[in-house]
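Structure first, then comments.
Here is the structure:
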């Protein structure tokens, strides 16, 4: 019979226990989320919010949210939020920034929101050199509808409407949004990061901070594409999410800093 | 002053400090005027890359507390409908100009083409002096009701010249601070604001009411607007009219001119011109119908406002159309039928018709 180690309860523990709030960044008010286990979006959101605080804008930031799974955070974070329509966040951000130039303005969108529904919005906002930061959480699927093909779904990726994998002949090719934006004049910073391991998360944190810093200097448009895990929409086990991201998504959407600093 | 510039100057005098638009005849000159005048008054005009982006920018500027406007012609407003609906649900005070081609946009102006329970307050001037005062009213109503307001112009109003007095042009006022508007200052306070079509507070806020409350509350909001906003209409000759004509905007001006001449000949014709298309001046139309033998609706479309006239009259008088679609070869909404001889013939025929009923 296996011995089970039982936590002794008769005496006070040597170290006090931790509760969720101990690990909560101060801009997150609701420490739990209702997204699937293994989802990368909460990590990306936390990293972003920590960066907002670290660059000194915790009391002077407005976030514009698109529509996707991550939209649940619009109500749970202690940052002013304007809820936009699917795809339209960069224009709403433009209106806010033009009226409130001293405010840190950022959008949170998914790949379905940005690359499908509103691709022209982000491109035009970038080319206009608006001093806003647009963030695309890219998991290559419409997660909220249950795992359907988006414009960034990589070749071979199985989704609910590409059951045999995305086939270029039938479904076309994925769009690499960061690579489209980087060459545009008016763009100050473009990076593609991931949140599937500790090193990647740290790089994402530094990229967020750099982008927000450049925005605060009025350097131009800043853009971050964050590869996030979606084991539910990828039809893999929760613990396979991080490796699937490396082996599948990141082979097409290659992480790295594509542009750093204005022209 | 030319019409488009008068609309723009009136908006700026009313405190408008943000405009985003996309060129389209006959709304182009409004964008030109805004691009010229707004920076002179400390405002911002963005030449948006599309109507979708124009309305999105206006949404953002309004959320940030600016008096903001966008505009196009009816086709461009069709593109904006999704955002217009959501701005209604998010209760944002914006003004939307429609320099319409013809009069095919009455349904759009009063019903919209969008999802959900929402209404635009709709104002339809028939002259530039009236437009100037209605533009100011539009910004005031938008602010008072936290609801988008539509100002419906047309090709004629955009391009005609008339003497107008623009109110005192205030120097750049600080953007009015409103307790609901975002500027980033409540972030990190534990009470960060949320401007959303579906929620009115963060989910950790004690004031949070679950999904659906905000959409359900639209019913009360719409009822309050419909019962509190005074409908406006102008009447001429209705007191003794056997035939009452109902028409709005520029055609009503032509018709009033012709009816004046026909009344001089002794023909008992009157006209009622709705100025607020929503709320519709149903009581005034209904009153006019009490004594008339019939109501003739003149609109340059296949019959849209006639629905509201029928609803106002509720079968107590015959209601029939004497207008119809009338377009110039370029499709800009210059109606060949807007001709005093054509109108006089239609009115005589209509009077004869109601006398035989």
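Chains as they are written, first to last, in our numbering: chain E, 83 to 345; chain Z, 2 to 358. From the three backbone atoms N, C-alpha and C, an ideal C-beta is built for every residue, glycine too.
What are the start and end residues of the beta strand (DSSP E) that includes residue i?
{"i": "residue 303 of chain E", "result": "303-309"}
{"i": "residue 258 of chain Z", "result": "Unbroken run through residue 258 of chain Z is the alpha helix (DSSP H), 250-265; no beta strand (DSSP E)."}
{"i": "residue 275 of chain Z", "result": "270-275"}
{"i": "residue 341 of chain E", "result": "338-342"}
{"i": "residue 122 of chain Z", "result": "122-124"}
{"i": "residue 189 of chain E", "result": "186-192"}
{"i": "residue 218 of chain E", "result": "215-220"}
{"i": "residue 163 of chain E", "result": "162-165"}
{"i": "residue 91 of chain Z", "result": "No beta strand (DSSP E) contains residue 91 of chain Z, which DSSP labels as neither H nor E."}
{"i": "residue 1 of chain Z", "result": "Outside the modelled stretch of chain Z, which goes from 2 to 358, sits residue 1 of chain Z, for which no answer is possible."}
{"i": "residue 152 of chain Z", "result": "150-155"}
Return the residue from the list the options that minimises the CA-CA distance to residue i.
{"i": "residue 248 of chain Z", "options": "Z:320, Z:53 and Z:49", "result": "Z:320"}
{"i": "residue 328 of chain E", "options": "E:319, E:315 and E:277", "result": "E:277"}
{"i": "residue 310 of chain Z", "options": "Z:60, Z:294, Z:287 and Z:326", "result": "Z:287"}
{"i": "residue 308 of chain E", "options": "E:115, E:107 and E:128", "result": "E:128"}
{"i": "residue 12 of chain Z", "options": "Z:50, Z:138 and Z:82", "result": "Z:138"}
{"i": "residue 104 of chain Z", "options": "Z:322, Z:353, Z:350 and Z:306", "result": "Z:306"}
{"i": "residue 154 of chain E", "options": "E:121, E:335 and E:97", "result": "E:121"}
{"i": "residue 274 of chain Z", "options": "Z:338, Z:124 and Z:16", "result": "Z:124"}
{"i": "residue 2 of chain Z", "options": "Z:159, Z:235 and Z:291", "result": "Z:159"}
{"i": "residue 219 of chain Z", "options": "Z:17, Z:5 and Z:90", "result": "Z:90"}
{"i": "residue 301 of chain E", "options": "E:315, E:179 and E:270", "result": "E:270"}
{"i": "residue 140 of chain E", "options": "E:175, E:147 and E:188", "result": "E:188"}
{"i": "residue 317 of chain E", "options": "E:333, E:230, E:286 and E:202", "result": "E:230"}
{"i": "residue 131 of chain E", "options": "E:171, E:241 and E:158", "result": "E:158"}
{"i": "residue 241 of chain Z", "options": "Z:270, Z:250 and Z:233", "result": "Z:270"}
{"i": "residue 165 of chain E", "options": "Z:61, Z:292 and Z:98", "result": "Z:61"}
{"i": "residue 213 of chain Z", "options": "Z:317, Z:315 and Z:118", "result": "Z:118"}
On the three-state DSSP scale, how would you describe residue i?
{"i": "residue 355 of chain Z", "result": "helix"}
{"i": "residue 144 of chain E", "result": "strand"}
{"i": "residue 75 of chain Z", "result": "helix"}
{"i": "residue 162 of chain Z", "result": "strand"}
{"i": "residue 332 of chain E", "result": "helix"}
{"i": "residue 253 of chain E", "result": "helix"}
{"i": "residue 176 of chain Z", "result": "Its pLDDT being 47, under 50, residue 176 of chain Z is placed unreliably in this model, and the value from its coordinates should be taken loosely. DSSP places residue 176 of chain Z in coil when its eight states are reduced to three."}
{"i": "residue 170 of chain Z", "result": "With a pLDDT of 49 at residue 170 of chain Z, under the threshold of 50, the predicted position of this residue should be treated as unreliable, and no value is reported."}
{"i": "residue 274 of chain E", "result": "strand"}
{"i": "residue 155 of chain E", "result": "helix"}
{"i": "residue 314 of chain Z", "result": "helix"}
{"i": "residue 198 of chain E", "result": "helix"}
{"i": "residue 17 of chain Z", "result": "coil"}
{"i": "residue 98 of chain Z", "result": "strand"}
{"i": "residue 312 of chain E", "result": "coil"}
{"i": "residue 321 of chain Z", "result": "strand"}
{"i": "residue 87 of chain E", "result": "coil"}
{"i": "residue 259 of chain E", "result": "helix"}
{"i": "residue 6 of chain Z", "result": "helix"}
{"i": "residue 230 of chain E", "result": "strand"}
{"i": "residue 307 of chain Z", "result": "helix"}
{"i": "residue 236 of chain E", "result": "coil"}
Taking Cβ-Cβ distances shorter than 7 Å, what residues in chain Z pair up with residue i?
{"i": "residue 185 of chain E", "result": "184 and 185"}
{"i": "residue 94 of chain E", "result": "Within 7 Å Cβ-Cβ: nothing; residue 94 of chain E doesn't reach chain Z, min ~32 Å."}
Can you list the residues of chain E that residue i reaches, using a CB-CB cut of under 8 Å?
{"i": "residue 37 of chain Z", "result": "Simply none; closest approach about 17 Å."}
By the DSSP assignment, the alpha helix (DSSP H) with residue i in it spans what residues?
{"i": "residue 225 of chain Z", "result": "214-229"}
{"i": "residue 129 of chain E", "result": "123-136"}
{"i": "residue 136 of chain Z", "result": "129-146"}
{"i": "residue 173 of chain E", "result": "171-181"}
{"i": "residue 240 of chain Z", "result": "Note, residue 240 of chain Z: premise wrong, no alpha helix (DSSP H); not H, not E."}
Residue i versus chain Z: which residues are under 8 Å apart at the beta carbon?
{"i": "residue 175 of chain E", "result": "61"}
In chain E, which residues lie less than 9 Å from residue i when you measure between Cβ atoms?
{"i": "residue 218 of chain Z", "result": "Ordered by position in chain E, no residue passes the 9 Å Cβ test against residue 218 of chain Z, which lies about 16 Å from the chain."}
{"i": "residue 66 of chain Z", "result": "181 and 182"}
Residue i versus chain Z: which residues are under 9 Å apart at the beta carbon?
{"i": "residue 160 of chain E", "result": "187, 188, 189, 190, 191, 192, 193, 203 and 205"}
{"i": "residue 109 of chain E", "result": "188, 189 and 193"}
{"i": "residue 202 of chain E", "result": "50, 51, 53 and 54"}
{"i": "residue 188 of chain E", "result": "Here the premise fails: no neighbours, minimum Cβ distance about 11 Å."}
Item to check | Against chain Z: residues of the region 128-149 of chain E by CB proximity under 9 Å | outcome: 134, 135, 139, 140, 141, 142, 143, 144, 145, 146 and 147
Item to check | chain E contacts from the region 38-61 of chain Z (Cβ-Cβ distance under 9 Å) | outcome: 45, 47, 49, 50, 51, 53, 54, 55, 56, 57, 58, 59, 60 and 61
Item to check | Members of the region 194-210 of chain Z that neighbour chain E once the beta carbon cut-off is set at 9 Å | outcome: 194, 195, 196, 197, 198, 199, 200, 202, 203, 204, 205, 206 and 209
Next on the checklist: Can you pull out the residues from the region 92-117 of chain Z whose beta carbon lies closer than 8 Å to at least one beta carbon of chain E?
Outcome noted: none
Next on the checklist: If the cut-off is 8 Å on Cβ atoms, which residues from the region 111-125 of chain E count as contacting chain Z, listed in chain order?
Outcome noted: 111 and 112
Next on the checklist: Counting only Cβ-Cβ distances shorter than 7 Å, please list the residues of the region 272-299 of chain E near chain Z, keeping chain order.
Outcome noted: none
Checklist entry - Using a beta-carbon distance cut-off of less than 9 Å, what residues from the region 11-34 of chain Z approach chain E? => result 18, 19 and 21
Item to check | Residues in the region 78-92 of chain Z having any Cβ partner in chain E nearer than 7 Å | outcome: 83, 84 and 87
Item to check | Near-chain E residues of the region 281-311 of chain Z (beta-carbon distance less than 9 Å), N- to C-terminal order | outcome: none
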